[in-house]
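Since the structure comes first, as structure tokens, the remarks are kept for the end.
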């Protein structure tokens, strides 16, 4: 395997980790947004906050990882992507900042208005960020980024395929989040919340699955190269693996085995990301720039692989410890509903 | 809305949303199709995750009382 391909694999690995962990994070915001009124949604919102609290910052380490590998290993693609897709990336960046700030400050709201503003900012940004990031992926995958950069700042990502991938990303995140939250609810002894998230996971799986299948028609008409790649060779293998893992995850959720369902869901996402990579291989920017053309020089490629190895030596044990402590319930705080916005109704 | 109505509305949103996205290429149809696809996501989820499984959440109070 060439150096550029190794670095591309590292990039896709980071992207998979962000899609699973960051996706679950954003998806939790989807359930916050759709939880209902202040009183009815208070316990569900409390569970979202309880589950996200220990890990939400760590989940976004992977975005930094992806960006660093991208601009260092593939600078000739990074430049055109940033020059062309700066609008959705900027909007995603702003959303990440607002979302993080709202989440951190949410429990400290002094008034009902503050609580509602912070809750609204968190929930809306949680849906907007994956939508814009998905649109960026859709734009790249459908060949909307020219090699010389400075593609159309609006038309590049507002076509049918990028927007469709944006919606699909929101749905996928909601599904993963529901699986994770069901498991977390069991861990803190909130069985009724576990049941509620179980139903949400099953529903989101079916709805997103149908959306993904319908997406093949959109891809066929709007991103023919990607469609051909996904329906032949290694691409179709990845699609089949993703579908199988999705079905296994669905069965595990149905039988209330939430911990293995987490991993099956992660495999489904990993296979989807791998399928994207395989479908557009050997291009980095489809129809514009190959992987080798996009890659940095050999010394840089080697330096990245070595430094990523060193970084993973530090990062992997730290994350392993964090998630082990989290899943063992050692970092859990007392569960209580988020009812600040409900004080108006109190006697 | 009954689950049956929600399901029909979700499927209609999906079919019309995808149809508009594939068959037309104007800004207005794109905006409408994205809204319809989001509507499909939300309606579809709550059509399956029926209210009888979700409506009981407000009844318990685990708050520490502060």
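Residue numbers (this note's numbering), protein chains in the order written: chain A, 38 to 384; chain B, 51 to 116. Glycine is no exception: its CB is placed at the ideal position from the N, C-alpha and C atoms.
Using the Cα positions of residue i and residue j, report the straight-line distance between them to the nearest angstrom.
i: residue 310 of chain A; j: residue 52 of chain A; result: 8 Å
i: residue 326 of chain A; j: residue 172 of chain A; result: 20 Å
i: residue 384 of chain A; j: residue 142 of chain A; result: With a pLDDT of 37 at residue 384 of chain A, under the threshold of 50, the predicted position of this residue should be treated as unreliable, though the coordinate-derived value follows. Going by the C-alpha atoms only, they are around 26 Å apart.
i: residue 261 of chain A; j: residue 94 of chain A; result: 37 Å
i: residue 42 of chain A; j: residue 195 of chain A; result: 30 Å
i: residue 99 of chain A; j: residue 54 of chain A; result: 6 Å
i: residue 40 of chain A; j: residue 94 of chain B; result: 44 Å
i: residue 85 of chain A; j: residue 57 of chain B; result: 26 Å
i: residue 111 of chain B; j: residue 227 of chain A; result: Caution applies to residue 111 of chain B, whose pLDDT of 48 falls short of 50 and renders its modelled position unreliable; the model cannot decide the point.
i: residue 296 of chain A; j: residue 92 of chain B; result: 25 Å
i: residue 208 of chain A; j: residue 147 of chain A; result: 33 Å
i: residue 66 of chain B; j: residue 126 of chain A; result: 29 Å
i: residue 204 of chain A; j: residue 339 of chain A; result: 37 Å
i: residue 180 of chain A; j: residue 313 of chain A; result: 13 Å
i: residue 302 of chain A; j: residue 114 of chain A; result: 30 Å
i: residue 155 of chain A; j: residue 161 of chain A; result: 10 Å
i: residue 206 of chain A; j: residue 159 of chain A; result: 17 Å
Would residue i be called buried (16 or more neighbouring beta carbons within 10 Å of its own) or exposed?
i: residue 341 of chain A; result: buried
i: residue 134 of chain A; result: exposed
i: residue 221 of chain A; result: buried
i: residue 55 of chain B; result: exposed
i: residue 367 of chain A; result: exposed
i: residue 85 of chain B; result: exposed
i: residue 175 of chain A; result: buried
i: residue 58 of chain A; result: buried
i: residue 347 of chain A; result: exposed
i: residue 48 of chain A; result: buried
i: residue 74 of chain B; result: exposed
i: residue 51 of chain B; result: exposed
i: residue 344 of chain A; result: exposed
i: residue 197 of chain A; result: buried
i: residue 382 of chain A; result: Note that residue 382 of chain A scores a pLDDT of 43, beneath 50, so its modelled location is shaky; the value from the coordinates is reported in the next line. Exposed, by the Cβ-count rule.
i: residue 287 of chain A; result: buried
i: residue 292 of chain A; result: exposed
Would a C-beta distance cut-off of 8 Å place residue i and residue j closer than the cut-off?
i: residue 132 of chain A; j: residue 106 of chain A; result: no
i: residue 246 of chain A; j: residue 315 of chain A; result: no
i: residue 249 of chain A; j: residue 215 of chain A; result: no
i: residue 306 of chain A; j: residue 139 of chain A; result: no
i: residue 112 of chain A; j: residue 186 of chain A; result: no
i: residue 110 of chain A; j: residue 332 of chain A; result: yes
i: residue 212 of chain A; j: residue 178 of chain A; result: no
i: residue 78 of chain A; j: residue 72 of chain A; result: yes
i: residue 298 of chain A; j: residue 304 of chain A; result: no
i: residue 30 of chain A; j: residue 129 of chain A; result: Examination of residue 30 of chain A is not possible in this model, given that chain A is present from 38 through 384 alone.
According to DSSP, is residue i part of a helix, a strand, or is it coil?
i: residue 189 of chain A; result: coil
i: residue 329 of chain A; result: helix
i: residue 368 of chain A; result: coil
i: residue 229 of chain A; result: helix
i: residue 116 of chain B; result: Per-residue confidence for residue 116 of chain B stands at a pLDDT of 36, beneath the threshold of 50, marking its modelled position as unreliable; no derived number is given.
i: residue 122 of chain A; result: coil
i: residue 109 of chain B; result: Here the model assigns residue 109 of chain B a pLDDT of 49, short of 50, so the residue's position is not dependable and the matter cannot be decided.
i: residue 69 of chain A; result: helix
i: residue 321 of chain A; result: strand
i: residue 183 of chain A; result: coil
i: residue 194 of chain A; result: coil
i: residue 75 of chain B; result: coil
i: residue 91 of chain A; result: coil
i: residue 167 of chain A; result: helix
i: residue 345 of chain A; result: helix
i: residue 245 of chain A; result: helix
i: residue 199 of chain A; result: helix
i: residue 111 of chain A; result: coil
i: residue 84 of chain A; result: helix
i: residue 148 of chain A; result: coil
i: residue 381 of chain A; result: With a pLDDT of only 43 at residue 381 of chain A, under 50, the local geometry of the prediction cannot be trusted, and the value read off the model is given with reservation. Looking at residue 381 of chain A - three-state DSSP - the assignment turns out to be helix.
i: residue 74 of chain A; result: coil
i: residue 262 of chain A; result: helix
i: residue 374 of chain A; result: coil
i: residue 130 of chain A; result: helix
i: residue 39 of chain A; result: coil
i: residue 282 of chain A; result: helix
i: residue 334 of chain A; result: coil
i: residue 308 of chain A; result: helix
i: residue 292 of chain A; result: coil
i: residue 363 of chain A; result: helix
i: residue 222 of chain A; result: helix
Can you pull the chain D residues whose beta carbon is under 7 Å from the beta carbon of residue i, in chain order?
i: residue 243 of chain A; result: Of the protein chains in this structure, namely A and B, none is chain D.
### Task
Give the residues from the stretch 81-98 of chain B that approach chain A closer than 8 Å (Cβ to any Cβ), ordered along the chain.
83, 84, 87, 88, 90, 91, 92, 94, 95, 96, 97 and 98
### Residues within the stretch 176-198 of chain A neighbouring chain B, beta-carbon criterion of under 9 Å
195, 196, 197 and 198
### Positions along the stretch 256-267 of chain A whose CB lies within less than 8 Å of some CB in chain B
258 and 259
### Task
Report the residues of the stretch 205-221 of chain A with a CB closer than 8 Å to any CB of chain B, ordered along the chain.
207, 208 and 211
### Query
Got a sec: which bits of the stretch 59-80 of chain B sit with their beta carbon under 7 Å from any beta carbon on chain A, in order along the chain?
64, 68, 71, 72 and 80
### Query
Quick one, which residues of the stretch 291-323 of chain A are near chain B if we go by CB-CB under 9 Å, in chain order?
none
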